[in-house]
Amino acid sequence: MAKVFMKLKILLLVLVAFGAIVTSGCIFDETKEVEISGDIGYSVGAINQNQTNIQKIQWTTSIGNNGEAIAENVSCEVILHPEVSSRLISLEGNEKYIGDLEPDTWEGFKGNATFDASNISKRDMDEWENMVKVKIIWEENGKKFEEVIPR
């Protein structure tokens with residue numbers, strides 16, 4: 001009988017210790033994470049009626065942190081389709097340093113590029129997938145992360 005009582009005491013102590021560890025957060029501690037999301041819209045058209053071979057892309061980008069932790073040192077870099085990059089005439093607003101992005105906040109930026117579209121039809125351009133993308137780089141807990149949108 002004494003052995004059974006001793007085993008019950010030990011079991012009770014183990015359960016109490018386990019409960020204390022779990023409730024103090026040493027085990028199963030929720031990690032707060034950054035969750036970057038974004039949206040980009042763009043339009044393409046001739047710079048004027050007399051120069052249809054020179055096309056202009058204009059974009060508007062929104063970057064958000066839907067997570068629970070701060071995204072640190074957030075920066076963005078626009079990535080243009082290779083056909084556009086190889087024919088580039090001018091580029092504005094292709095990089096943006098945001099800094100720290102708090103949870104549940106959004107930042108946006110705009111930019112544009114002009115390129116020589118000689119020998120490229122509108123149909124060709126329509127077939128290009130994602131003429132404009134954005135690479136987002138941030139730090140979280142001392143580690144660097146990056147994501148490209150749209151995915």
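Residue numbers for the sequence shown follow UniProt numbering, so the first one is 1 and each next one is one higher.
Even for Gly, the Cβ is constructed at its ideal location relative to N, Cα and C.
Given that a residue counts as buried once 16 or more other Cβ atoms are within 10 Å of its Cβ, and exposed if not, what is G111?
Taking the sequence shown and counting its residues from 1, the one referred to as residue 111 is at position 111. Buried, by the Cβ-count rule.
Who are the near neighbours of V134 in its chain, counting only those whose CB is closer than 8 Å to its CB and skipping five residues on each side?
Taking the first residue of the sequence shown as 1, we reach residue 134 at position 134. Only residues of its own chain outside the window of five on either side were considered, and among them G38, I40, T61, I63, C76, E77, V78, I79, V148, I149 have a CB closer than 8 Å to the CB of V134, listed in chain order.
Where N65 falls, given that 16 or more other Cβ within 10 Å makes a residue buried:
As a position in the sequence shown, residue 65 is number 65, starting the count at 1. The residue in question, N65, is buried, as its Cβ has 16 or more Cβ neighbours within 10 Å.
Leaving out five residues on either side along the sequence, give the residues of the same chain with a beta carbon under 6 Å from the beta carbon of W106.
Sequence index remark: in the sequence shown, residue 106 carries index 106 (1-based). Result list for W106: S62, G64, in chain order.
Helix, strand or coil at V84 [DSSP, three-state]:
Stepping through the sequence shown from its first residue, residue 84 is reached at position 84. Three-state result, V84: helix.
Beta-carbon gap between E33 and G67 smaller than 8 Å:
Here the question's residue 33 lines up with position 33 in the sequence shown. Here the question's residue 67 lines up with position 67 in the sequence shown. Taking 8 Å as the Cβ cut-off, E33 and G67 qualify as a contacting pair.
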